[in-house]
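Everything below concerns the one structure shown next.
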Amino acid sequence: MLSHTSGIMGFPLRLLAREVYDRVAAMRGPGSVALLTGEEKITPKAAQFYICTVEAMPLDWGADFIAVDEIQLCADPDRGHVFTDRLLRARGRKETLFLGSETMRGRIAQLLPGAKIVTRPRLSTLSWAGERKISRLPPRSAIVAFSADQVYGIAELLRRRKGGAAVVMGALSPRTRNAQVALYQNGDVEHLVATDAIGMGLNLDLSHVAFAGTVKFDGRRPRPLTPSEIAQIAGRAGRHRADGTFGVTGEAAPFSDDVLEQVTTHSFAPAGPLEWRNAALEFGTAPALIASLEAPAPRPGLRRAREADDLLALRELWLDPEIREMTRGGAAVRRLWDVCQIPDFRKVSAAEHARLIARIYRFLLSPEGAIPSDWIAGEIARLDRTEGGIDALSRRLAHMRTWSYVANRGGWLADPSEWRGRAREVEDRLSDALHLALTREFVDRRTSVLMRRLKDRESLVAEVDETGAVTAEGEHLGRVEGFRFTPDPGAAPEERRRLQAAALGALQGWFAHRADRFYNAPDGEIELTEQGGLIWGEVAVGRLEPGADVLTPTVRAFAEESLDPSVIQKIERRLGHWVTRRVAALFAPLVAMRDDEALKGMAKGLAFQLVEGLGVLERRPIAEDVKALDQEGRAALRRHGVRFGQHSVFMPLLLKPAPTRMRLVLWGLKERLDEIPSAPPPGLVTIPKVEGAPAGFWIRSGYRLAGARAIRIDMLERLADLLRDRDARAGFEAAAEMLSITGLTLEQFADLMGGLGYDAQRGERPKGARAPEAKAAGDAPGSNAAGDAPGSNAAGDAPGSNAAGDAPAGAAPGVEPAGAEAAPAQEAPAEPAPEPEPGPEQEPAPEPGPEIAAEAAADPATVETEVFYTFTIARRPPRHQRREAREGAPGEGRNRREGGKPRGEKRRGDAAEGGGGRGPKDGKKRGPKPEAAQAAEKPRRPEKAPDPDSPFAILSQLKR
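Just so we're aligned: 100 in my numbering is position 105 of the sequence shown, and the numbers increase by one with no gaps anywhere.
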């Protein structure tokens, strides 16, 4: 067309006409091209080229070139007669061109025998792709549906699954349609949902077309798509030399093999008779006009078109007596026909449309001869509102299209150009509002931004506020926590992956700067959680993991894997420095002992065990090692702060709260616990038993489990010092200082003593009738010099005792008094108590004195009683109970037997003193034998070689 001086091109859609107009205006300038459609008119005075809808083509203008696109629509039941009229009557002075399907070859040759037909083969291949779910459609796909509800439903599904879709329908205004197409063409979305309007000349970057339906409503009835219609729509996939595919989706049934053959090979049945309506109309009277419109087709190959909407409107109006009375003369009939051609954009009802055009007709035939300005102003103002959803805006826009059509009809308004401008402004506002509503409803703009950036390979500029929220171009992407990005949890899974990729690409520089700040942050800003997490301020930046040994854990940074490796390494180095310094500060005595090269032999081995135990060990498992320790080695360990207690070997400085918390974390890492127990609250001497505590928890906490409570190991050693002077065989009561240092009630103390291997006999007596204290150890008959607390035997004297290993309650070698070290500020749990040795029968409580007894006899109600407990050596439990105690109770983990025998326990085969040992085989109860007889029957124990390292054993040899 542009090669000629003047030209006219007719297109089937207003949308397509506007697209071509914009292209021509860009090439030749807006002043040289006009746009004529039913709803829009742009006519520069010097226009050389007219771009029109087929219905609006000015056939009497006399252009050098005339072209009509999609000429195969001559067979369309609704609009075919308009295209047939252009085929028969539209001619350019120099060239006339009809563009369309190969199916029109026969009809054109029949109707226009001299026409030259040129075929242009398709340069790309269109192939069948079969059925696919909507969620599985490839990018750059269009889904074609045949109702607005179906279009909206598919678009909503794509928004949830794919981030969104553009929407294109024939009912959209050109401005809205262009904005939606741009949304797709720019890469903001990867899918397009459209009606069959997509098949009419819209050139889009499509690779696949999926049919969501195969039946369309043609204005009268639903009918299946014809093969040529399928090809027309599917042909949008792949353009020029780019191949395309088509298929079905949703509930659409696959096409038959015959249809697929026709579509893929472009072999269609020739077009049938073309729709025709008489163009030589009679305007003398309305009946004559109707008769001319119903005239039969004049020649073969044509058929009279069915009644169109304009003819139906004319019939409806002619039934109105008032309209009949007004319509007199050819001019009135012509004006009536013009009014009847107003399209029914609103699609409310035929009767409502007839009432509207009847009112307009009355205005036009009134004395003023035009539509009143105040009336049309009110109608337009009523529609000039941009609030509401898609349906409300679509209805307003459809109504507005009616007034745009009216404004573009010459002579219907007092000032047509003004009303065309006002109608255009309102339509543009409604179009923009509808586009925003469609985008808001069916496109996640955040995803749209990301898709466009990824397609164009442009870097996204992200911002992070003080709360860690990440935004890009005003859209919320997610949050930054430490050195990790968390996408918006409200996003769909597919969208979250896109958010992750886009945000991390935009935040690389920000993370590098944050890593520099973290590397230079002071140690005081970093903290360790009970589960081994590393916190910087309020965010987690890493965690500890098991290392080569217990004191050198490794660190793992909580950072995105896609970050630059140098950034991740910097974070891990900073965390490693902090952990090394923290361990060195909290476990300074332990680290110094570990690195002391002067330690030799057994002292070095015991130091290694202390390091592995993080400064606290139960004495029983290492009893033999302690026994084998010489005085020089013992003194060397003491210089490092090691204390050898009756029940534990520990470093008192490491029982403070901070080292205890760190010790539990390091121990939990070594044992690879899923959950590390919390450290006991600081400052408590005893704490309740924690159910389900893993094996090893109590000693690592600095506590010893005894009954229903656990006692701190340093306070347990002080208690052991008090018990050392008590006669456990004859029985003793709890002293006030015992209750004071434990902070327990008498009943709680009794339970604690039971856990330590004592029998607690409860009794009541009048107040003030307290029995005299048992004689001091060594004075009580039959007692050992060191006392008979459970497990006590004087070193080197009692058979089976370990001079330094069994930690007797008395002054055994290697046991340091509790006052030798300062008590730490923290408590911790401990392991089960050692098994006690059976002792003599408990003696009955002493009778109250005569004065108390007399007072009680005189007035029993006035005598106050008190509860007391007598503690004696507990009898040895059966073997299966001892095994359970060694292996640990259910729920407490594997509580291994922590070495040695309970105080007072005899080796297998040794006779128990004072009622211990096995009973007679005949089962008869026998009384006690005289002491002389017992001494005569008792076998003499073999001499035990003296311990060269024990000063008590050496002193015993010298006395002999």
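By construction, the Cβ of each residue, glycine as well, lies at the ideal position given by its N, Cα and C atoms.
For residue i, which of helix, strand or coil comes out of DSSP?
i, result
"residue 49", "helix"
"residue 756", "strand"
"residue 957", "Outside the displayed span of the chain (-4 to 955) sits residue 957, for which this structure offers no information."
"residue 313", "helix"
"residue 407", "coil"
"residue 295", "coil"
"residue 7", "coil"
"residue 887", "Any answer about residue 887 is weak, because its pLDDT of 44 lies below 50 and its placement is not dependable; what the coordinates show is given next. If DSSP states are grouped into helix, strand and coil, residue 887 belongs with coil."
"residue 217", "strand"
"residue 366", "strand"
"residue 744", "helix"
"residue 171", "helix"
"residue 506", "helix"
"residue 211", "strand"
"residue 990", "Residue numbering for the chain in the displayed model covers -4 to 955; residue 990 lies beyond these limits and cannot be assessed."
"residue 15", "helix"
"residue 0", "coil"
"residue 70", "helix"
Based on the DSSP secondary-structure assignment, which residues constitute the bridge partners of residue i?
i, result
"residue 186", "136"
"residue 166", "None; residue 166 has no bridge partner."
"residue 267", "BP columns for residue 267 are empty, so no partner."
"residue 612", "644"
"residue 125", "242"
"residue 531", "521, 534"
"residue 539", "550"
"residue 327", "According to DSSP, which records beta bridges pairwise, residue 327 is partnered with nothing at all."
"residue 92", "62"
"residue 707", "698"
"residue 861", "760"
"residue 225", "Note: residue 225 sits in no beta bridge, so no partner."
"residue 682", "705"
"residue 638", "645"
From what residue to what residue does the alpha helix (DSSP H) around residue i run?
i, result
"residue 433", "411 to 437"
"residue 573", "560 to 581"
"residue 972", "It is not possible to answer for residue 972, since the shown part of the chain is limited to -4 through 955."
"residue 153", "143 to 157"
"residue 401", "385 to 402"
"residue 607", "596 to 607"
"residue 78", "75 to 84"
"residue 103", "100 to 106"
"residue 621", "618 to 622"
"residue 113", "It is not in any alpha helix (DSSP H) - residue 113 carries neither H nor E in the DSSP assignment."
Please classify residue i as buried or exposed, where buried requires at least 16 other C-beta atoms within 10 Å of its C-beta.
i, result
"residue 84", "exposed"
"residue 417", "buried"
"residue 655", "buried"
"residue 200", "exposed"
"residue 6", "buried"
"residue 129", "buried"
"residue 52", "buried"
"residue 112", "exposed"
"residue 403", "buried"
"residue 497", "buried"
"residue 248", "exposed"
"residue 685", "buried"
Which residue comes first and which comes last in the beta strand (DSSP E) that contains residue i?
i, result
"residue 521", "521 to 523"
"residue 282", "Segment 281 to 288 is the alpha helix (DSSP H) holding residue 282; no beta strand (DSSP E) there."
Any heavy atom of the ligand ADP closer than 6 Å to the Cβ of residue i?
i, result
"residue -1", "Ligands displayed in this structure: none; no statement on the ligand ADP is therefore possible."
Touch test, the region 132 to 141 against the region 271 to 278, Cβ-Cβ under 8 Å, three pairs minimum: no
Please confirm if the region 572 to 580 is in contact with the region 620 to 639, defined as three or more CB-CB distances below 8 Å between the two stretches. no
Below 8 Å, can you find three or more Cβ-Cβ pairs linking the region 164 to 176 to the region 407 to 427? With the cut-off at 8 Å, the region 164 to 176 and the region 407 to 427 touch.
At least 3 beta-carbon pairs within less than 8 Å: the region 605 to 618 vs the region 684 to 703: yes
Counting beta carbon pairs with one atom in the region 347 to 367 and one in the region 293 to 312, are three or more of them shorter than 8 Å? The region 293 to 312 is in contact with the region 347 to 367.
I want to know whether the region 360 to 368 touches the region 377 to 384 - three or more CB-CB distances under 8 Å. no
Contact between the region 309 to 325 and the region 275 to 283: three or more CB pairs below 8 Å? Yes, they touch.
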